[in-house]
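In terms of this note's numbering, the sequence shown opens at residue 844 and continues consecutively.
Even for Gly, the Cβ is constructed at its ideal location relative to N, Cα and C.
These notes concern the structure reproduced below.
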Amino acid sequence: MNRVFSGVQPTGNLHLGNYLGAIKNWVTMQAHYDCLYCIVDLHAITVPQDPKVLRAATREVAAGLIAAGIDAKSSIVFNQSQVKGHAALAWILNCQTPIGWLNRMTQFKEKAGKAREQAGLGLYAYPVLMAADILLYKATHVPVGEDQKQHLELARDIAGAFNRAYGSDCFPLPEPMILGAATRVMSLRDGTKKMSKSDSSDYSRINLTDDAATIALKIKKAKTDSEPIVSYEPERRPEAANLIDIYAALAGQTCEAVTAEYSNAGFAAFKRALADLAVEKLGPLAADMRRLMQHPDYIDEVLRAGAERASHIADRNLREVEDIVGFLKP
Ligand code: AMP
Ligand code: TRP
């Protein structure tokens, strides 16, 4: 059986990168796989969080998933902390993970920065918790953006290490799925940095809650070089290439087709067309998301029901792992 698992952090400001790199693909997969989509609040607290803000962001991300077209009746949508198996399996997998593997993780190095000795143990163990998320459900396919590739390779290594240590074939090795024309959406202010929830400039990203006027303005103000023509040269013209990638992903076309279509029109006309396209595709999503966010009780009930369904699978698999490890039955 093929099962999809993916996760998104509840850190507010769901943006176009999350949508094109992840959520849009999650929506498509529902037709072909058994899917679990998890709002990873345990991962969120690896860096300081204000509890009020965390609660609001968890609901905001849930609203975003539903507004984007995730059907919470067929797919399982839930937040990680409600299913206790994630933390329990993470501990068992910690015991199979050499610290040398974790020392190679680039995201930890980026997040910890220079103050590495001050970084929390949770931030260091973040990729093991991510492996636990996936393996707890024996997921076979994991759709993510490019930035999560290294973590997924680690998850495969950890699954293999566990299987070998116990001579079992308990865990399937999960396949990363890095899909779409925009697996790495870059900042609108700097074509060498990825679009991110935590960028201090709101003009660097298009938030999924932005209204039509804001979306159009952010694209108009997006940094580009001074060349008036449309050409796709990611190395030499990263900002222009990023906008072409975004257009291609939103329109469901290839970058070549988009470049050819606008090659005579000039860059200013291309930007106007991109703004119209983005408003057309994202406007209804944003409106739906804002409407859902007016109903926190509804969202909480969706998450509660999702956690109940997820727990059925998680409890059974965790019991199997505990038995393999030699823990007594409760
Ligand atoms: P995060 O916001 O870091 O929890 O990411 C949630 C999902 O969105 C993951 O699958 C990421 O790979 C994806 N993602 C985040 N930022 C970007 C980006 N700038 N471009 C493409 N995908 C992204
Ligand atoms: N670390 C991922 C991110 O920041 C989120 C995540 C947590 C995840 N657990 C996961 C993604 C399991 C895929 C599968 O984007």
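**Request:** Please determine, among L857, M844, N845, the residue with the shortest C-alpha to C-alpha distance to T1052.
**Result:** L857
**Item:** Cα-Cα separation, I1058 to R1048
**Value:** 9 Å
**Span of the alpha helix (DSSP H) around M844** = No alpha helix (DSSP H) contains M844, which DSSP labels as neither H nor E.
**Asked** Cβ atoms of A1002 and L978: under 8 Å apart, would you say?
**Response** yes
**Message:** Does the segment 981-990 come into contact with the segment 869-881, if we say contact requires no fewer than three beta-carbon pairs (one atom in each stretch) closer than 8 Å?
**Reply:** yes
**Message:** Under 8 Å: do the segment 903-915 and the segment 1135-1150 share three or more Cβ pairs, one atom per stretch?
**Reply:** yes
**Prompt:** Hey, P1019 and A982: beta-carbon distance below 8 Å or not?
**Reply:** no
**Asked** Which word fits C938, buried or exposed, when buried means at least 16 other C-beta atoms lie within 10 angstroms of its C-beta?
**Response** exposed
**Item:** E1078 versus N922 - alpha carbon distance
**Value:** 39 Å
**Message:** I need the DSSP call for M798, collapsed to helix, strand or coil.
**Reply:** This structure cannot settle anything about residue 798, because the visible part of the chain is limited to 844 through 1173.
**Beta-carbon proximity check, V890 vs L966, cutoff 8 Å** = yes
**Request:** May I ask you to check if the CB of G864 is nearer than 7 Å to at least one heavy atom of the ligand AMP?
**Result:** yes
**Asked** Can you give, in chain order, each stretch of the alpha helix (DSSP H) that sits fully within the segment 1100-1143 and has at least 4 residues?
**Response** 1110-1136
**Prompt:** If we ignore side chains and look at the alpha-carbon of each, how far apart do A1157 and Q925 end up?
**Reply:** 11 Å
**Asked** So what's C881 in DSSP terms, helix, strand or just coil?
**Response** strand
**Prompt:** Is the beta carbon of M1038 within less than 7 Å of some heavy atom of the ligand AMP?
**Reply:** yes
**Message:** For I1072, tell me which candidate among I1062, K1061, A1084 has the shortest Cα-Cα distance.
**Reply:** A1084
**Message:** Please determine whether the Cβ atom of A1025 lies at a distance below 7 Å from any heavy atom of the ligand AMP.
**Reply:** yes
**Prompt:** How is V1073 classed by DSSP in three states: helix, strand or coil?
**Reply:** coil
**Within the segment 882-940, ranges of the alpha helix (DSSP H) (whole runs, at least 4 residues)** = 884-887, 894-911, 928-937
**Message:** Quick check on DSSP: helix, strand or coil for V1168?
**Reply:** helix
**Asked** Going by the CB atoms, is the gap between K1061 and D1033 shorter than 8 Å?
**Response** no
**Request:** Could you tell me the distance, in whole angstroms, from the CA atom of L1117 to the CA atom of C878?
**Result:** 31 Å
**Item:** Contact under 8 Å by Cβ, C1013 with E1163
**Value:** yes
**Prompt:** Cβ of F951 within 7 Å of any heavy atom in the ligand TRP?
**Reply:** no
**Message:** Please return the same chain residues whose Cβ sits closer than 8 Å to the Cβ of K1124, not counting the five positions on each side in sequence.
**Reply:** L1093
**Request:** Output the boundary residues of the alpha helix (DSSP H) element that contains M1189.
**Result:** With the chain covering 844 to 1173 only, the question about residue 1189 has no answer from this structure.
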